[in-house]
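S.K.: The opening residue of the sequence shown carries number 1 in full-length UniProt numbering; numbering runs sequentially from there. The C-beta atom is built at its ideal place from N, Cα and C for all residues, glycine as well. Bear in mind the structure is a predicted one, so any value in this text is a computation, not a measurement.
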Amino acid sequence: MERHIPIRLGQVGGGVGAFIGDVHRIASRIDGQFVLVAGALSSTPERAEESAAAVGIAPDRTYSDWAEMARAEAARDDGIEAVSICTPNHLHVPVAKAFLELGIHVICDKPLSATLDEAKALREVAQGSGALFILTHNYSGYPLVREAREMVARGDLGAIRVVQVEYPQDWMAEAVEEQGVKQAEWRADPERAGAGGATGDIGTHAFHLARFVTGLKLDRLAADLSAFVPGRRLDDNAHVMLRFEGGAKGMLWCSQVAPGHENGLRLRVFGEKGGLQWFQEDPNALHYTPLNEPTRRLTRGGPGTSGAGARIPAGHPEGYLEAFATLYNDAARAIRGGDRGLLPDVVDGVEGVAFVAACVQSSENDAAWTELDI
């Protein structure tokens with residue numbers, strides 16, 4: 001196996017108490033491809049120092065301002081080569097832009113931005129930069145999601161007819177943003193989250209998953225968005241009908257007010273020759289049903305699967321962190337000059353934000369059919 005020196009990684013956001021910051025740090029370490037050496041983990045100096053010390057960042061590589069971090073790290077001979085962005089949505093674009101313009105690769109949490117105009121502007125910057133932009137739609141890193149993609153592309157299901165994707169949660173079934181829950185506060189704030197609530201937070205994941213597995217391009221959508229919790233300014237539930245190019249149809253449901261659902265991302269795809277189903281809370285199984293035959297339960301790395309992307313032997317569960325790590329592993333290969341593989345990029349990001357904008361526009365027009373502005 002070729003020996004690699006770990007890529008020097010920085011992080012913006014994701015300080016103490018931020019779930020996604022820990023996820024990025026763990027995922028970056030799993031394969032030994034990155035080493036975290038710098039960070040602006042909080043805009044508050046004291047909190048930035050506390051957070052950096054907790055994850056082993058040296059005091060002279062600890063910043064309370066991401067712009068200062070970009071300039072300082074770019075000027076160092078041992079400066080960071082890549083940065084992970086774990087901030088609220090409204091900061092994704094200015095932070096990414098600052099690092100991309102200095103030639104530093106960006107690994108950014110989703111969605112790409114709070115507004116579609118910002119997303120398009122960042123697309124121009126990213127495509128004109130010599131640095132890579134990678135968006136962490138981490139569910140595309142699961143081995144059986146990639147297996148499903150291969151099956152569809154191979155024609156195992158025949159022409160796709162129906163795509164059903166859902167992503168229900170229940171953690172915002174009450175007004176937790178008014179109860180001091182930090183992760184809910186910014187997600188319920190249009191200034192920081194953007195125009196979409198559940199649609200932006202988890203609907204973009206569901207939409208990307210459907211696109212990633214099927215390869216279908218969306219023609220138009222019709223969306224009915226609701227904010228069921230009194231006083232909530234952004235949607236917490238969405239029903240979206242989908243029409244794809246080529247005639248396939250589908251439906252996307254995302255909700256953060258569905259009691260009994262913790263993280264229930266589920267994809268079902270039906271074609272003229274068969275169907276398949278994958279459920280994120282049971283990620284090591286893919287159910288495949290050829291037409292007029294019994295359903296087959298395919299397991300990660302088991303008989304009948306390619307085993308591509310599997311880290312450990314079949315029967316040893318892999319999950320969320322490992323899937324996230326797969327994106328970091330793919331990112332390391334791309335940074336070192338290899339192919340980008342299946343990595344989500346700025347184009348996927350713009351499409352995700354355009355999906356949210358179209359949902360909001362459609363819902364405001366009584367669920368009128370609306371095309372994506374990409």
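Taking 8 Å as the cut-off, decide whether the C-beta atoms of A222 and S362 are in contact.
M.R.: Position 222 of the sequence shown holds residue 222. Position 362 of the sequence shown holds residue 362. Taking 8 Å as the cut-off, the beta carbon of A222 is found closer than this to the beta carbon of S362.
S.K.: For R149, I'd like the list of residues in its chain whose CB is within less than 7 Å of its CB, leaving aside the five on either flank, ordered along the chain.
M.R.: Start at 1 with the first residue of the sequence shown, and residue 149 comes out as number 149. Closer than 7 Å at the Cβ level, and outside the excluded window around R149, lie F212 and V213.
S.K.: E177 and A188 look like a contact to me (Cβ under 8 Å); what is the Cβ gap, rounded to whole Å?
M.R.: As a working note, residue 177 is residue 177 in the sequence shown. As a working note, residue 188 is residue 188 in the sequence shown. About 4 Å; that satisfies the 8 Å criterion.
S.K.: Reducing DSSP to helix, strand and coil, say where G10 ends up.
M.R.: Indexing the sequence shown from 1 puts residue 10 at position 10. In the displayed model, G10 falls within a strand according to three-state DSSP.
S.K.: DSSP three-state call for F270: helix, strand or coil?
M.R.: Stepping through the sequence shown from its first residue, residue 270 is reached at position 270. Strand, per DSSP.
S.K.: I'd like the list of long-range same chain contacts for L102, defined as Cβ closer than 7 Å, with 5 residues on each side in sequence excluded.
M.R.: Counting from one through the sequence shown, the residue named residue 102 turns up at place 102. A70 and A74, listed in sequence order.
S.K.: Comparing alpha-carbon positions, which option in C86, I30 and R76 lies nearest A40?
M.R.: On the sequence shown, residue 40 is found 40 positions in, with the first residue counted as 1. It is C86.
S.K.: Ordered along the chain, which non-local residues of its own chain (more than five positions away) have a Cβ less than 7 Å from that of L258?
M.R.: Counting from 1 along the sequence shown, the entry for residue 258 is found at position 258. The amino acid occupying residue 258 in the given sequence is Ala; Leu does not appear at that position. The answer, listed in chain order, is P168, Q169 and D170.
S.K.: May I ask you to report which of helix, strand or coil DSSP gives V229?
M.R.: Counted from its first residue, the sequence shown places residue 229 at position 229. Of the three classes helix, strand and coil, the one that applies to V229 here is coil, per DSSP.
S.K.: Taking I312 as part of the alpha helix (DSSP H), name the residues at either end of that continuous run.
M.R.: For the purposes of this step, residue 312 is identified with residue 312 of the sequence shown, where counting begins at 1. I312 -> no alpha helix (DSSP H), and no H or E assigned at all.
S.K.: Can you name the start and end residues of the beta strand (DSSP E) that W253 belongs to?
M.R.: Mapped onto the sequence shown, residue 253 falls at position 253. Per DSSP, W253 belongs to the beta strand (DSSP E) from K249 to S255.
S.K.: For M69, which three-state DSSP category applies?
M.R.: Translated into the one-based positions of the sequence shown, residue 69 becomes position 69. Helix, per DSSP.
S.K.: Could you give the residue range of the alpha helix (DSSP H) that holds R47?
M.R.: Walking along the sequence shown from the start, residue 47 turns up at place 47. Segment P45 to A54, the alpha helix (DSSP H) holding R47.
S.K.: Should residue 432 be labelled buried (16 or more other beta-carbon atoms within 10 Å of its own) or exposed?
M.R.: This structure gives no information on residue 432, because the portion of the chain shown stretches from 1 to 374.
S.K.: Under 8 Å Cβ to Cβ from L157, same chain only, skipping five residues before and after it: list those, please.
M.R.: In the sequence shown, the residue the question calls residue 157 occupies position 157. Answer for L157: M151, V269, F270, G271, E272, K273, G274, G275 and L276, listed in chain order.
S.K.: Please report how far the alpha carbon of D78 lies from the alpha carbon of R232, in whole angstroms.
M.R.: Here the question's residue 78 lines up with position 78 in the sequence shown. Here the question's residue 232 lines up with position 232 in the sequence shown. Spanning the two alpha carbons is a distance of roughly 46 Å.
S.K.: With a Cβ-Cβ cutoff of 8 Å, do L91 and F133 count as a contact?
M.R.: For the purposes of this step, residue 91 is identified with residue 91 of the sequence shown, where counting begins at 1. For the purposes of this step, residue 133 is identified with residue 133 of the sequence shown, where counting begins at 1. No, the pair does not count as a contact, with Cβ atoms beyond the cut-off.
S.K.: DSSP three-state label for S113, please.
M.R.: By 1-based counting over the sequence shown, the position of residue 113 is 113. Correct three-state label for S113: coil.
S.K.: Express the C-alpha separation of L327 and R300 in angstroms, rounding to a whole number.
M.R.: Translated into positions along the sequence shown, residue 300 becomes position 300. Translated into positions along the sequence shown, residue 327 becomes position 327. Answer to the nearest angstrom: the Cα atoms are 17 Å apart.
S.K.: Quick one: is P313 buried, meaning 16 or more other Cβ sit within 10 Å of its Cβ, or exposed?
M.R.: As a first step, residue 313 must be located in the sequence shown, where it is residue number 313. Taking every protein chain shown into account, the CB of P313 has fewer than 16 other CB atoms within 10 angstroms, so this residue is exposed.
S.K.: Do the region 113-127 and the region 342-357 make contact, defined as three or more Cβ pairs closer than 8 Å?
M.R.: yes
S.K.: Taking all protein chains shown into account, decide if Q256 is buried (16 or more other Cβ within 10 angstroms of its Cβ) or exposed.
M.R.: Taking the sequence shown and counting its residues from 1, the one referred to as residue 256 is at position 256. Under this definition Q256 is a buried residue.
S.K.: To the nearest angstrom, how far is the alpha carbon of M1 from that of E81?
M.R.: Against the sequence shown, residue 1 aligns to sequence position 1. Against the sequence shown, residue 81 aligns to sequence position 81. With a pLDDT of 43 at M1, under the threshold of 50, the modelled position of this residue cannot be trusted; read the value that follows with caution. When rounded, the distance between both Cα atoms is 23 Å.
S.K.: Could you spell out the range, first to last residue, of the beta strand (DSSP E) harbouring P259?
M.R.: What you label residue 259 is simply residue 259 of the sequence shown in a count that begins at 1. Taken as a continuous stretch (DSSP letters only), P259 belongs to no beta strand (DSSP E), as it is neither H nor E.
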